[in-house]
Structure formats: structure tokens, C-alpha cells
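Here is the structure we will look at.
So, in C-alpha cells, the structure goes:
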């Protein structure tokens with residue numbers, strides 16, 4: 001159905017040293033690419049915003065997409081494991097929804113090739129939003145007059161409330177969640193005063209140390225690949241018993257869980273560094289609580305380097321320059337279920 | 001501290017029959033009264049909006065005021081019992097925050113004499129937001145630079161992050177949550193086409209049957225009393241073993257839990273009927289799932305009347321005319337904890 005098989009073997013790049021001038025510094029596009037079968041329209045985005053913020057897409061009526069990917073903050077929940085229905089805690093840390101439109105695959109293990117495919121996952125995950133099936137979601141939405149109207153406006157026709165259309169609308173909304181004009185973007189676009197001296201030093205360190213080998217491209221999440229292609233790296237690349245034990249890095253098998261290929265053990269999607277200063281705790285399991293520690297752990301486990309305190313400080317300063325401008329958003333109105341209530345668990 | 005003792009004994013009013021012309025029909029004010037010690041300012045409202053929507057005011061970092069009092073919908077969660085930290089379910093149904101500024105007391109049992117007092121409750125309730133103390137909340141807020149700035153802008157000074165100021169800001173935000181211009185308001189203000197014929201019939205029935213004996217005033221929650229004065233009614237007023245068993249109405253002792261006065265057993269604050277069509281399920285325990293059933297149960301248990309199907313339909317139509325206009329709201333930006341994370345449970 002989707003091309004998920006092309007795994008760019010980027011391991012050879014790891015540990016490479018680059019000079020700042022050798023890195024192709026790119027600013028963030030103001031618009032995300034759209035798949036041919038889901039062009040964005042205002043009606044679709046508005047519907048997607050409603051669905052994204054609607055806790056009635058969960059079995060308990062209490063968990064929405066926004067519960068774990070909070071767009072009022074850094075686009076996630078600042079927790080190690082996210083909390084789903086019945087207080088259940090998930091095993092991986094929620095990635096940010098901001099700029100997720102620039103990921104070529106979704107989820108830490110890349111199991112969704114598109115935002116549309118991703119949107120279908122958590123709703124029926126028993127420890128996340130807990131719905132028994134998308135058929136149940138569709139049945140619920142069909143009883144809410146405001147959704148009948150909003151789906152019709154977005155997709156046309158009377159039978160427009162479908163799983164695919166719900167996912168398309170959510171994805172269209174998520175494609176508007178872009179944070180341009182960070183200090184870094186302004187600097188790259190010519191405003192040499194946009195970053196502090198320390199941030200500029202950190203930018204050079206970022207290239208010299210080798211961070212840019214993997215965290216490349218405008219979203220710092222790897223080369224721009226077609227949607228559905230993954231850019232995965234092994235974490236840890238360099239073994240270190242002490243750090244692996246400290247941060248519990250051996251348990252999760254990463255992409256192996258999806259492919260069952262031995263070579264995919266401990267491989268993860270390279271995450272964006274955009275707004276990384278807002279998204280502690282860090283890594284797939286959220287075990288590293290500060291950005292400073294995350295930088296040191298990355299350098300050691302991915303590049304086999306011990307950073308000086310100055311390098312670490314400079315890198316953290318640079319990563320803070322990747323915090324962008326968040327577009328103003330009006331709260332959606334969630335349409336009423338006509339003076340009745342669902343049988344929530 | 002506050003005058004909570006004045007209980008208006010309205011029992012004598014119950015069962016009274018009124019004609020539509022005898023009821024004083026009032027439209028909703030566009031502005032809520034403000035206490036002398038907490039005048040609203042834009043900076044205070046903006047801070048209050050941030051706090052109201054910030055899940056970091058809970059022990060788990062997952063429950064905000066808005067989780068149970070969702071302003072994107074009818075101002076509550078459309079559940080019987082609300083869900084707090086660790087998936088715990090509360091015993092009473094969350095009242096709507098919309099137009100709560102027009103309540104003279106807060107909570108079903110009226111235990112808070114003001115919005116400011118109410119705001120302090122759920123945060124440290126172990127089954128709601130679960131914080132050990134407000135001191136812990138204040139300590140958390142002080143480590144978030146954006147809150148240091150926002151409290152200073154709202155209250156001035158360096159030591160402006162306090163429990164009282166947090167509650168004042170939340171209350172100031174809540175005083176902006178008013179829904180004017182319902183069909184009923186337009187009708188009362190002279191637009192005789194604003195309500196349907198059935199809604200006008202329902203308005204007359206509302207008066208004739210006696211609903212307006214308790215649900216009076218512009219917010220349909222009783223006479224306008226000074227903040228801190230409660231307007232309570234016994235529910236059920238007329239005993240009915242069948243309905244009491246069906247809807248489990250004997251367990252909760254209502255205001256008695258606050259005062260320990262025998263006369264206060266099963267007394268509850270008369271809730272607003274504004275936007276009641278959006279806030280199913282109904283009553284203090286959320287056991288009645290549709291507005292139609294709520295109307296019938298009220299007539300039987302409070303007025304000892306069996307409504308005809310026509311009366312019930314007309315009353316439901318009229319209650320739908322009380323759904324107001326919801327002001328557009330921009331989503332707040334929740335300030336970051338500077339690339340670190342809290343130790344959430």
C-alpha cells in the first residue's frame with residue numbers, strides 16, 4: 001500500500017565531522033507538502049481542528065489528540081510516557097505534532113508512512129484513546145449534527161463521514177502546524193543579529209561535532225525524502241553499558257517491532273530538532289530530563305564524543321534558536337450531541 | 001471569611017404556578033459582576049486563560065481545568081463523573097463553566113462562595129488534579145519563566161506568583177466566559193421571530209408548570225443574590241421511590257456534606273439552564289442521559305407534575321433556545337519550563 005521498505009542506511013554517516021560551511025543550512029518552509037489525494041482546504045483544516053481537539057474520539061470521552069500532542073505548548077505532553085484512557089501510561093514519549101508534516105514517516109518506529117495513516121493509530125490503541133474500532137468512531141460522529149455538516153462542507157456528499165476522511169481532515173490540520181521564523185531561520189535568511197554569539201558558536205559546533213550528519217534538512221530530521229520513506233538511525237550507535245542502563249535504552253527494540261528484521265533492532269526515526277527546547281523529556285522513552293543531558297548523551301552514544309562544557313552549552317544555546325513562531329489559533333467549537341450523551345466507559 | 005450562611009429558603013416557592021407574563025424574563029448581561037478586590041484586566045484574563053488550560057497544574061501533568069470544564073464545548077465534559085489524575089472518576093458531574101460568573105455560589109453543594117474560591121479546589125483534590133498543595137503549584141509556576149513574566153504583567157512585582165493571584169487570574173478569565181444572544185435573549189429583547197412557535201409555547205409552559213419558580217433570573221439559576229449567597233433547593237422535593245432508585249438520588253447528601261445541618265440534606269445549588277442542551281448528562285450525578293428525561297424527572301420530583309408529551313417537547317425546544325453565542329477565543333500559549341521537565345507522577 002505504502003512504500004515503507006526503503007530504509008536509508010545512514011549509519012555510514014555517523015561520526016563524520018563536518019565544517020559549518022559544509023552543512024547545508026536551510027530555513028523552514030512556511031508550507032508543508034500535501035499528498036495528491038488530500039489537498040488542504042479551509043473547510044478540511046477546520047474540521048480537522050475540531051476532530052483533533054475532540055475528546056469524544058476516545059472511549060472515555062476524555063482523551064483527544066491534543067491531550068498528548070498539546071498544540072498550546074510544544075506539541076506534546078512533556079511526559080516520559082503519555083497517559084491514555086483509564087490512566088494507562090504508554091511506553092514511548094509522544095513526539096511533537098509541530099512540523100510533523102515534514103517527517104517522511106510518523107511514530108518513533110516509522111510504522112505510519114503519512115500523517116493520514118498516523119492519525120488512525122492512537123484512536124483505537126487500547127492504552128491511548130481506547131476506541132474499539134474506527135467504525136465506532138464513525139458511528140459516534142454520525143450522530144453529532146455539527147459533524148455531519150462539517151464533513152459535508154469538507155468532503156461533499158451525505159456519506160462523507162468515513163474513517164479515511166476523518167484521518168484526512170486531521171492530517172490537513174496538522175499540515176498547518178508549522179513554526180517558521182526561529183532565530184535560526186532569521187539568521188540563515190540573512191539577519192546576522194538574529195542569533196547570539198553563543199548560538200552561532202553552537203551552530204558551528206553542531207556541524208563540527210557531527211550532529212548535522214543525521215539532523216539535517218530544514219526540520220533537522222534528516223534528508224528530505226518522499227513521504228513514506230524513513231530516515232532511521234540506530235540508538236545507541238556506540239555501545240555504552242553505563243548510559244544504556246542509566247536511561248533504560250536496551251528494552252525497546254524500535255523499528256524491529258514493525259519489520260522483525262534483525263538489522264532494525266534499536267532503529268528509530270531521526271526526530272526533528274525544531275522546538276526541541278520545548279519538548280523535554282527526551283528520546284523515545286523520555287528518560288533524559290534536560291536538553292543539556294540529551295546533548296551529552298547523543299554525542300557519546302551516536303558520535304562517541306565527550307563534549308566540553310563549553311561545547312554542550314553552545315549546542316544547547318543553538319538548539320534554543322530552533323524554537324519558532326507559533327501561529328495564532330482560534331479554539332474550535334466542538335459540536336454538540338444534541339442534548340444526549342454517549343455511553344462512555 | 002465569606003458569608004456562606006444565608007440560605008434562601010425557596011422551598012415555599014416550589015410547586016407554584018405562574019403565567020408567562022408573571023415571570024420576569026431577563027436577557028443575559030454581556031458582562032459579569034467583578035468583586036472589588038479582583039477587577040478584570042486584559043493581562044489578568046490572559047494569564048487566567050493560560051492557567052486554565054495548563055495541565056501542569058495537575059500532579060500528572062495531564063489534567064487542566066479545561067479537561068473537565070471544556071470551553072470548546074458546553075463548558076463541561078458530558079460525562080456523569082469527571083476523570084481526574086490516574087483515571088480516577090469523581091462522584092459529581094462537572095457543572096458548566098460558561099456563565100458560572102452569574103452563580104452566587106460554586107460547586108453543586110455551594111461550598112465555594114466565589115469563582116476565586118472555586119478555582120483553588122480541584123487543583124489539590126486528590127481525585128481531580130491531585131497536587132499535594134498549592135505551595136507545590138506555586139513552586140512549579142515560579143520555575144517557568146513565561147509565568148514569572150505573565151504574573152508580573154497581571155499583578156506587578158517580583159513576588160506576584162501566589163495561590164491567591166493564580167485563583168484571581170483564573171476567575172477573571174472565567175468572567176469572560178459568557179454566552180449572550182441566544183434565541184431566547186433575542187426574543188426577549190424584541191425580535192419576536194428569534195424563537196420558533198414551539199419554543200414560545202415551551203416558554204409559556206416553563207412559566208405555567210412552575211420551572212421559573214427556581215430557575216429564575218437572567219441565568220435561570222435563581223434570583224440574583226450577592227456573590228457568596230446560595231440559592232439551594234432540595235432534590236428530590238417530592239419523594240418518589242421508583243425514580244430515586246432509577247437515578248440513584250438517595251446517596252449524595254448534597255449541601256449537608258458542607259454544613260452538617262440536617263435541613264441541608266439533599267440540597268443543591270440551582271444550576272443555570274443556559275446552554276443546558278449542550279451539557280448532558282444531567283443533575284449532580286449525571287445519571288439522566290437526555291434533556292427530555294431531565295425535564296420529565298424535574299417536573300415529577302420538584303413540582304409533582306406529570307407532563308404531557310407535548311409539554312415535554314415544548315419545554316425541550318425552549319431549553320434549546322437558551323443556547324447562546326460562544327465568543328471566539330484564541331488558544332493560549334503555555335510557556336515552557338526551559339528545556340527541562342517536572343517529575344510527574
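Protein chains in written order, with the UniProt record's numbering: chain A, 1 to 345; chain B, 1 to 345.
All residues carry an ideal CB built from backbone N, CA and C; glycine is no exception.
Predicted model, so just to flag it, every value in this text is computed and none were measured.
Closer than 9 angstroms to the CB of residue 92 (chain B) there is not a single CB belonging to chain A. Look at residue 151 (chain B) here: in three-state DSSP terms it is helix. When the beta-carbon positions are compared, residue 145 (chain B) and residue 30 (chain B) stay at least 9 angstroms from each other. In the DSSP assignment, residue 184 (chain B) falls within the unbroken alpha helix (DSSP H) covering 183–188. Boundaries of the beta strand (DSSP E) around residue 232 (chain B): 232–234. When the beta-carbon positions are compared, residue 341 (chain B) and residue 286 (chain A) come within less than 9 angstroms of each other. One finds 330, 331 in chain B with Cβ atoms closer than 9 angstroms to the Cβ of residue 329 (chain A), taken in chain order. Of the other Cβ atoms in all chains shown, fewer than 16 fall within 10 Å of the Cβ of residue 226 (chain A); this residue is therefore exposed.
For residue 267 (chain A), the enclosing beta strand (DSSP E) covers residues 267–269. Distance between residue 88 (chain A) and residue 127 (chain A), taken at the CA atoms: about 6 angstroms. Remark: fewer than three beta-carbon pairs, one from each stretch, lie closer than 8 angstroms, so the stretch 326–340 of chain A and the stretch 146–154 of chain B are not flagged as touching. When Cβ pairs closer than 8 angstroms are counted between the two stretches, the stretch 300–312 of chain A is seen to touch the stretch 199–218 of chain A, the count reaching three or more.
Contacts with chain B (Cβ-Cβ distance below 7 angstroms) from the stretch 72–103 of chain A involve 72, 73, 74, 77, 78, 79, 83, 86, 87, listed in chain order. The DSSP-derived three-state label of residue 173 (chain B) is helix.
The continuous alpha helix (DSSP H) containing residue 318 (chain A) extends over residues 309–320. Neighbours of residue 326 (chain A) across chain B, judged by C-beta separation under 8 angstroms: 333. Apart from sequence neighbours up to five positions away, the residues of its chain that approach residue 238 (chain A) with a beta-carbon distance below 6 angstroms are 301, 304, ordered along the chain.
Within the same chain, 280 come within 7 angstroms of residue 290 (chain B) by CB-CB distance, once the 5 residues on both sides are set aside. Neighbourhood of residue 61 (chain A) in chain B, by CB distance below 9 angstroms: 77, 78, 79, 83, in chain order. At a C-beta separation below 9 angstroms, residue 215 (chain A) has no neighbours in chain B, since its nearest C-beta there lies roughly 16 angstroms away. When the beta-carbon positions are compared, residue 32 (chain B) and residue 178 (chain B) come within less than 9 angstroms of each other.
Listed along the chain, the chain B residues whose CB falls inside 8 angstroms of the CB of residue 340 (chain A) are 280, 289, 290, 291.
Around the C-beta of residue 242 (chain B), fewer than 16 other C-beta atoms lie within 10 Å, and the residue is accordingly described as exposed. By the rule that beta-carbons nearer than 9 angstroms mark a contact, residue 277 (chain A) touches chain B. Taking a C-beta distance under 9 angstroms as the contact criterion, residue 60 (chain A) and residue 83 (chain A) do not qualify as a contact pair. Residue 159 (chain B) sits in coil when the DSSP states are folded into three classes, being neither helix nor strand.
When rounded, the separation of the alpha-carbon atoms in residue 56 (chain B) and residue 26 (chain A) is 34 angstroms. Between residue 315 (chain A) and residue 205 (chain A) the beta-carbon gap is near 6 angstroms, inside 8 angstroms, which marks them as a contact. Closest option to residue 91 (chain B), judged by alpha-carbon separation, among B:99, B:68, B:324, B:44: B:68.
Beta-bridge partners assigned by DSSP to residue 288 (chain A): A:282. At least one beta carbon of chain A lies nearer than 9 angstroms to the beta carbon of residue 54 (chain B). Counting every other CB atom within 10 Å of its CB across the protein chains shown gives residue 36 (chain B) a total below 16, marking it as exposed.
Here DSSP, grouped into helix, strand and coil, assigns residue 209 (chain A) to helix. If you draw a straight line from the Cα of residue 70 (chain A) to the Cα of residue 97 (chain A), it is about 8 angstroms long. In terms of Cβ geometry, residue 332 (chain A) and residue 76 (chain A) do not form a close pair [threshold 9 angstroms]. Scanning its chain for C-beta atoms nearer than 8 angstroms, with the 5 sequence neighbours on each side dropped, one finds around residue 216 (chain A) the residues 23, 24, 222, 223, in chain order.
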